[in-house]
Every structure is written in C-alpha cells, then in structure tokens.
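These notes are about the structure you will find just below.
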Amino acid sequence: MSALLLTVGSMFGAWSPAFAFSLPKDHVFPRIFTPNGDGINDVVYFNVVNPSLDSLEGKIYDANGNPVASIRFDSYLSVPGSDATERWVWDGKDGNGNTVRAGIYIYEIRGGGDVVTGTVVVAK
Ligand SMILES: [Ca+2]
1 MSALLLTVGS MFGAWSPAFA FSLPKDHVFP RIFTPNGDGI NDVVYFNVVN PSLDSLEGKI
61 YDANGNPVAS IRFDSYLSVP GSDATERWVW DGKDGNGNTV RAGIYIYEIR GGGDVVTGTV
121 VVAK
C-alpha cells in the first residue's frame, strides 16, 4: 500500500498548487484524423490540463524529427483553477498552410520546464 501511494505521489508530483501541466493520452483526439475539409475529424485536439497556467508552446514534427507546424491555442475548456484545461489544435497543415502528407507525426508541448510528446496519424 505504501509503495502504491509512493508511486502515485511520484506520478503526479505531489499535490502542490504549482504542479506542471499534463496531457493525458485520452486528451489527444482523434489520434487518427483526416484533414480534408469534409468536416469530419479534420483537426486533432490537445486538451491540456494546465492549473498553473504555464505559458505553453506546441510543435509538430514528422517521423524524421523535422519541424512541420505549430500547435495553436484554441480556447479554454474550463475556467482557470485546479482543473483548468486549455484546448490546443492542429489542423494537419504545415507552416505554409499546405496539408501534410499522410503518416505519423509527433506532437510536443512544452511549458514550465516540462515537455510531453506523443504521436498522431494523418490519414487521407
Ligand atoms: Ca476529414
């Protein structure tokens, strides 16, 4: 039991009001999206829990690690507080506004000295 509590405490960095932002895996959706303008799964959302309101920066890289695009802030899903959640979004376009090729892309969100990464898939 004490080992479990220790593990949980480590995972969440204790319960201080200053703990970092987080991006649970199920807050990235749809993980496979189709940016073709048909109104169905055209963008991927990143719902970042950010209670400290850290200044965040989000980037997309291709599978070779080349920078592709920025993830932009969209809106607040809940008001600032312990569960403050910011919605960030990527529309599947590169920095020139062109829709990227189908494939696996890596997202990276940084802020407050922390970073979270994962993958999404652009399908066509
Ligand atoms: Ca679509």
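Numbering-wise (the working numbering), the sequence shown opens with residue 1 and increments by one.
Every residue, glycine too, gets a C-beta built ideally from N, C-alpha and C.
Original post:
Can you find a heavy atom of ligand 1 that lies under 8 Å from the Cβ of Phe-29?
Top reply: no
Subject >> Cα-Cα separation, Gly-128 to Lys-124 >> reply: Because the chain spans 1 through 124 in this model, residue 128 falls outside it and cannot be assessed.
Original post:
To which residues does DSSP link Ala-69 through a beta bridge?
Top reply: Ile-60
Original post:
From Gly-103 to Asn-36, what does the alpha carbon distance come to, in whole angstroms?
Top reply: 14 Å
Original post:
Which value, in whole angstroms, describes the spacing of the CA atoms of Ser-82 and Gly-65?
Top reply: 34 Å
Subject >> beta strand (DSSP E) runs contained entirely in the region 70-116, provided each spans 3 or more residues >> reply: 85-90, 103-111
Subject >> Check your reading: residues with Cβ closer than 6 Å to ligand 1 heavy atoms >> reply: Thr-34, Asn-36, Asp-38, Ile-40, Asn-41, Asp-42
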